[in-house]
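Residue numbers are given in the UniProt record's numbering: position 454 of the sequence shown equals residue 454, and the series is strictly consecutive. Glycine included, C-beta positions come from ideal geometry on N, C-alpha and C.
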Amino acid sequence: MLLEEDKLENYKNKEEWILAIEEEENRALKNAAEDPWRQKFHLMPPAGWLNDPNGLCFFKGEYHFFYQYSPFSAAGGGKYWGHYKSRDLLHFQRCPVMLFPEHDWDRGGVYSGSALVDDGKMYLYYTGNVKLEGDYDYILRGREHNTAVAVSADGMTVDHEMLLLKNEDYPSGLTCHVRDPKVFAYEGRYYMVLGARTLEDTGEVLVLESRDKYTWKYINSLKTKEPFGYMWECPDLFEVDGQWILMVSPQGLPREEYRCQNVYSSGYFPVYGDFRKDARLGDYRELDQGFDFYAPQTFLAEGRRILTGWLGMPDAEYENPTINNGWQHCLTIPRMLKYINNHLRMEPVKELEQMRGQKRHISVSGAGTAVCRTGEELLIENRSQRFYLEYDRTFALEWNEREGCLTLEYFPENYGRGRRKQKVSLLRNLRIILDATSVEIFVNDGEAVMSSRYYRNAERMLRFNGEFDMEMYELDLKNC
Numbered sequence: 001m002l003l004e005e006d007k008l009e010n011y012k013n014k015e016e017w018i019l020a021i022e023e024e025e026n027r028a029l030k031n032a033a034e035d036p037w038r039q040k041f042h043l044m045p046p047a048g049w050l051n052d053p054n055g056l057c058f059f060k061g062e063y064h065f066f067y068q069y070s071p072f073s074a075a076g077g078g079k080y081w082g083h084y085k086s087r088d089l090l091h092f093q094r095c096p097v098m099l100f101p102e103h104d105w106d107r108g109g110v111y112s113g114s115a116l117v118d119d120g121k122m123y124l125y126y127t128g129n130v131k132l133e134g135d136y137d138y139i140l141r142g143r144e145h146n147t148a149v150a151v152s153a154d155g156m157t158v159d160h161e162m163l164l165l166k167n168e169d170y171p172s173g174l175t176c177h178v179r180d181p182k183v184f185a186y187e188g189r190y191y192m193v194l195g196a197r198t199l200e201d202t203g204e205v206l207v208l209e210s211r212d213k214y215t216w217k218y219i220n221s222l223k224t225k226e227p228f229g230y231m232w233e234c235p236d237l238f239e240v241d242g243q244w245i246l247m248v249s250p251q252g253l254p255r256e257e258y259r260c261q262n263v264y265s266s267g268y269f270p271v272y273g274d275f276r277k278d279a280r281l282g283d284y285r286e287l288d289q290g291f292d293f294y295a296p297q298t299f300l301a302e303g304r305r306i307l308t309g310w311l312g313m314p315d316a317e318y319e320n321p322t323i324n325n326g327w328q329h330c331l332t333i334p335r336m337l338k339y340i341n342n343h344l345r346m347e348p349v350k351e352l353e354q355m356r357g358q359k360r361h362i363s364v365s366g367a368g369t370a371v372c373r374t375g376e377e378l379l380i381e382n383r384s385q386r387f388y389l390e391y392d393r394t395f396a397l398e399w400n401e402r403e404g405c406l407t408l409e410y411f412p413e414n415y416g417r418g419r420r421k422q423k424v425s426l427l428r429n430l431r432i433i434l435d436a437t438s439v440e441i442f443v444n445d446g447e448a449v450m451s452s453r454y455y456r457n458a459e460r461m462l463r464f465n466g467e468f469d470m471e472m473y474e475l476d477l478k479n480c
């Protein structure tokens, strides 16, 4: 039996189930135009809850973005795979739900996973979650984390699904927490990485190999010499600019002044050696040090390694008032990855520049103000030793050369978000993407990033102080 909180509504048939979701989405979207907190160009749930991006891929000329979706509750619940697709990474079409928790192996939720494009088909690998009813701790006993695959020839409908791995198929020494398969092809074989929690409460990533995409053999574990968190979620393993990268979202890391400031972290290890046998992990680096960034995933499209993350945080100490409007969370803008000087850099994909409309240029020397629109891009070239930018008593961004620290600080009335700090010895430039309720700050050509939500209904006024040049572009999909 399932735990009560994981039970899903019972329907006469799947068609009735699909209709119920469509009705819920249509009801919610009728009110979207009057909702001041709905985003202009970020992907949001039509209704209910969104979290991890899943199954990102480029398939038959279109970009597909799946995501963890709970259509009937803005607080989360039974997980489906929601679906958007696009030809240009700008205009996205809302598609019907792709994966439903409809089998014995996933009846507690269709959890996170990835897409493999091969042989003209889309293979969606995911974790099927099952929680049993009883006196269990759900760490050592009582939970099934099954690995399954759904195959689609058109990217819109599932042709068949198959259970691939159960708890007993994973290596010994692990808890029930094994999940989030990322699958890719390399040197004539297929590889899967899975996040895992060991019996010693340490995180690691399992590496499995296959010749046919269905039969999998465990071959290695990627881990640190010393314990580093108790669970590594949402792994991703890829090569960019000649360097292999292991991306994970570790849980259980101690908070520090300049890193791991959120309840959970997302970052990467450079991988040295062959990930299939003798690999060593380099130093861990966080990807984003804002309040709202988790579970990023990447995909390769026409030579570019593109990343999208969840612009949210599980178990956060702060709030999102959109829950009162029947929805919660969104995805980040797509970002292109590069590996430069032993660091990953992230910048918005080039396509976003097509949204630019009216341009304003301001040369700042001292204090000043400027009106900001709903949907704005700021390009700042800094010349000063001290920099200050405030967004209408919502948040402020401050840097000074003496401290070598960039601080993002919220005003008290912004739903519990406080302060985040990033080491920046020299501030050369900033690229700031503002949507209706989110800010994504790219520092020094993407050397550092800070992503956060904000909620403000007042006039959008910038206040600033320093010596810098600033270009301001209105961002709107109507411009492209």
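**OP:** Indicate the three-state DSSP secondary structure (helix, strand or coil) for Leu237 in the structure shown.
**Re:** Looking at Leu237 - three-state DSSP - the assignment turns out to be strand.
**OP:** Measure the beta-carbon distance from Met450 to Arg420 and round it to whole angstroms, keeping in mind my assumption that it falls under 8 Å.
**Re:** 6 Å
Subject >> Span of the beta strand (DSSP E) around Asn382 >> reply: 376–382
Subject >> Where the alpha helix (DSSP H) through Arg393 begins and ends >> reply: No alpha helix (DSSP H) contains Arg393, which DSSP labels as neither H nor E.
**OP:** Could you name each continuous beta strand (DSSP E) segment of 3 residues or more that falls completely within the region 101–170, going from the start of the chain to the end?
**Re:** 110–118, 121–131, 143–152, 160–165
Original post:
For Met44, which residues from the same chain have a beta carbon less than 6 Å from its beta carbon, with the 5 sequence-adjacent residues on both sides left out?
Top reply: Cys330
Original post:
Using CA coordinates, which residue listed in Gly446, Leu246, Trp232, Gly366 is at the minimum distance from Leu253?
Top reply: Trp232
Subject >> Helix, strand or coil at Asn465 according to DSSP, with G and I counted as helix >> reply: strand
Original post:
Any beta-carbon of chain C closer than 9 Å to the one on Gly203?
Top reply: The structure shown contains no chain C; it is built from a single protein chain.
Original post:
Where does the unbroken beta strand (DSSP E) through Ala370 begin, and where does it stop?
Top reply: 356–371
Original post:
Looking at the structure shown, is residue 512 part of a helix, part of a strand, or coil, going by DSSP?
Top reply: Not covered by the structure: residue 512. The range shown for the chain is 1 to 480.
Original post:
Where does Thr322 sit, in a helix, a strand or coil, going by DSSP?
Top reply: Helix at Thr322.
Original post:
What's the C-alpha gap between Tyr11 and Leu281?
Top reply: 48 Å
Subject >> Leu3 versus Ile139 - alpha carbon distance >> reply: A caution first: Leu3 carries a pLDDT of 36, below 50, which makes its placement in the model unreliable, though a value can still be read off. Rounded to the nearest angstrom, the two C-alpha atoms are 15 Å apart.
Original post:
Looking only at its own chain, which residues have a Cβ that is under 7 Å from the Cβ of Thr224, when we skip the five neighbours before and after it?
Top reply: Leu281
**OP:** Would you list the one or two residues that DSSP bridges to Val183?
**Re:** Met192
Subject >> Buried versus exposed call for Thr308 [16 or more other C-beta atoms within 10 Å across all chains shown] >> reply: By the 16-neighbour rule on beta-carbons within 10 angstroms, Thr308 is buried.
Subject >> Under the three-state DSSP convention, the category Asn26 falls into >> reply: In this structure, DSSP gives Asn26 a helical state, which the three-state scheme calls helix.
**OP:** Just the C-alpha distance for Ser70 and Ile306, rounded to the nearest angstrom, thanks.
**Re:** About 25 Å.
Subject >> Between the CA atoms of Phe387 and Cys372 - distance to the nearest angstrom >> reply: Phe387 has its alpha-carbon roughly 18 Å from the corresponding atom of Cys372.
Original post:
CB-CB under 8 Å to Asp119, same chain, minus the five flanking residues each way: which ones, in chain order?
Top reply: none
Original post:
Which same chain residues, not among the five before or five after Met156, have their C-beta less than 7 Å away from its C-beta?
Top reply: Cys95
**OP:** Mind the definition here: the region 283–303 touches the region 52–63 only if three or more C-beta pairs lie below 8 Å; say whether that holds.
**Re:** yes
Subject >> Neighbourhood of Arg87 by C-beta, 6 Å cutoff - its chain only, sequence neighbours within 5 removed >> reply: Glu62
Original post:
From Ile441 to Lys14, what distance separates their C-alpha atoms?
Top reply: 43 Å
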